[in-house]
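Undergrad: Dumping the structure here so I can ask a few things about it.
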Amino acid sequence: MLSNTQRRPASWIEELHGRRRDVRSPTTPADYFSTATAILVAKGHHALKMTTVCKALGVTTGSFYNYFDSWGEFVNQLLSHWEREQLLLMEKVMDSGRSGPATDLCGLRTIAAHLSNKSGTAFRAWATGDPLVAEVQRRIDERRSTILTRAIRTAVSDDATARRLTVVILTLLVGSQFLPDQDPSDGFLLEYIEDLVRRSIVRTPR
């Protein structure tokens, strides 16, 4: 029989990670963060507990306390890790869009694909009931809005049009996260958004 420290992760965690974790390898803080995110996606924030995370990793709570002083500290670090990941991705989108309007339109697809990630939906759902998570989500959304507005601004001639398009686009993409069987990166939605931007390019006087 496997001991607590050797037990295999639950099958749903294996499926979400797409591979079996080597249970003989020592855990790291990153392992806890990725497992917590997998739990959020699979079961929602109400299932996110220390015992659930440790069971999924196949470790004891003593292992958890080797890295985190408390559950509250873990949640803070998890949110910081999540926010850092989102900001890095958005910076890459911004950097890739410095070649001009055509490249920026391609960047819309990158943002949409990112929003379609199930983990993003899970964190946003968590934010609806937790002020701490909501504040992190607010900062991420503000940064995303700023980057998207800059990208659109290279294609239109005035700030007001860029801001209006940003609000419309983010409303469509974020809203579609919560519709059943609707993927924000689906072709028809992306085509509509890109067409909306292109028509604004034509109609906005230079």
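Residue numbering for the sequence shown follows the UniProt record's numbering, starting at 1 and increasing by one per position. We treat Cβ as the ideally placed atom computed from N, Cα and C, and that holds for glycine.
#1: Between the alpha carbons of S119 and T161, how many angstroms are there, rounded?
#2: Can you find the residues in the same chain that come closer than 7 Å, C-beta to C-beta, to R24, ignoring five residues on each side of it along the sequence?
#3: By the three-class DSSP mapping on this structure, what secondary structure does V23 have?
#4: Alpha carbon to alpha carbon, what distance is there between T52 and K43?
#5: Is the Cβ-Cβ distance between V168 and E83 less than 8 Å?
#6: Between which two residues does the alpha helix (DSSP H) harbouring V133 extend?
#7: What number of angstroms, rounded off, separates the C-alpha of V133 from the C-alpha of R199?
#8: If you run the structure through DSSP and keep just helix, strand and coil, what is F74?
#9: How many Å lie between R21 and D31 at the Cα?
#10: Take L48 and list the residues in its own chain whose beta-carbon comes closer than 7 Å to its own, dropping the five residues that flank it on each side.
#11: Please state if the CB of V197 and the CB of I147 are separated by a distance shorter than 8 Å.
#12: Find out if the Cβ-Cβ distance for the pair C54, F68 is shorter than 8 Å.
#13: Report the three-state DSSP secondary structure of S176 (helix, strand or coil).
#14: Can you give the Cα-Cα distance for L87 and N117, rounded to whole angstroms?
#15: Exposed or buried, which one is F188 when buried takes at least 16 other CB atoms within 10 Å?
#16: Which class does S157 belong to by DSSP, given the choice of helix, strand or coil?
#17: Ordered along the chain, which non-local residues of its own chain (more than five positions away) have a Cβ less than 7 Å from that of L172?
#18: Looking at the structure shown, is T166 part of a helix, part of a strand, or coil, going by DSSP?
TA: With the given structure in hand:
#1: If you number the sequence shown from 1, residue 119 lands on position 119. If you number the sequence shown from 1, residue 161 lands on position 161. C-alpha separation (whole angstroms): 31 Å.
#2: As a first step, residue 24 is located in the sequence shown; it is residue number 24 there, counting from the start. Any reading at R24 must be qualified, since the residue scores a pLDDT of 43, below 50, and its modelled position is unreliable; the value itself is stated next. Correct list: empty, nothing qualifies.
#3: What you label residue 23 is simply residue 23 of the sequence shown in a count that begins at 1. Caution is warranted here: a pLDDT of 44 is assigned to V23, below 50, making its placement in the model unreliable, and the coordinate value is therefore given only provisionally. Reduced to three states, the DSSP call for V23 is coil.
#4: Your numbering for residue 43 matches position 43 in the sequence shown. Your numbering for residue 52 matches position 52 in the sequence shown. C-alpha separation (whole angstroms): 11 Å.
#5: Taking the first residue of the sequence shown as position 1, residue 168 is located at position 168. Taking the first residue of the sequence shown as position 1, residue 83 is located at position 83. No.
#6: Taking the first residue of the sequence shown as 1, we reach residue 133 at position 133. Start and end: P131 to R153.
#7: Position 133 of the sequence shown, counted from the first residue, corresponds to residue 133. Position 199 of the sequence shown, counted from the first residue, corresponds to residue 199. Approximately 37 Å between the Cα atoms of the pair.
#8: Within the sequence shown, residue 74 is the residue found at index 74, counting from 1. Looking at F74 - three-state DSSP - the assignment turns out to be helix.
#9: Here residue 21 is taken as the residue at index 21 of the sequence shown, counted from 1. Here residue 31 is taken as the residue at index 31 of the sequence shown, counted from 1. Low confidence applies to R21: its pLDDT is 45, below 50, so where it sits in the model is not reliable enough to give any reading.
#10: Here residue 48 is taken as the residue at index 48 of the sequence shown, counted from 1. So the list reads A36, I39 and L40, once near-sequence residues are dropped.
#11: Residue numbering aside, residue 147 sits at position 147 when the sequence shown is read from its first letter. Residue numbering aside, residue 197 sits at position 197 when the sequence shown is read from its first letter. It is not a contact, given that the beta carbons lie outside the stated cut-off.
#12: As a working mapping, residue 54 is identified with position 54 in the sequence shown. As a working mapping, residue 68 is identified with position 68 in the sequence shown. No, the pair does not count as a contact, with Cβ atoms beyond the cut-off.
#13: Within the sequence shown, numbered from 1, the residue matching residue 176 stands at position 176. Residue state for S176 is assigned as helix, using DSSP reduced to three classes.
#14: Within the sequence shown, the letter at position 87 stands for residue 87. Within the sequence shown, the letter at position 117 stands for residue 117. Cα to Cα, the separation comes out at about 15 Å.
#15: Along the sequence shown, one-based indexing puts residue 188 at 188. So F188 counts as exposed.
#16: Along the sequence shown, one-based indexing puts residue 157 at 157. The three-state reading of DSSP puts S157 in coil, since its state is none of H, G, I, E or B.
#17: If you number the sequence shown from 1, residue 172 lands on position 172. Excluding its 5 nearest sequence neighbours in each direction, L172 has C-beta neighbours in its own chain below 7 Å: L189 and I193, listed in chain order.
#18: Here the question's residue 166 lines up with position 166 in the sequence shown. If DSSP states are grouped into helix, strand and coil, T166 belongs with the helices.
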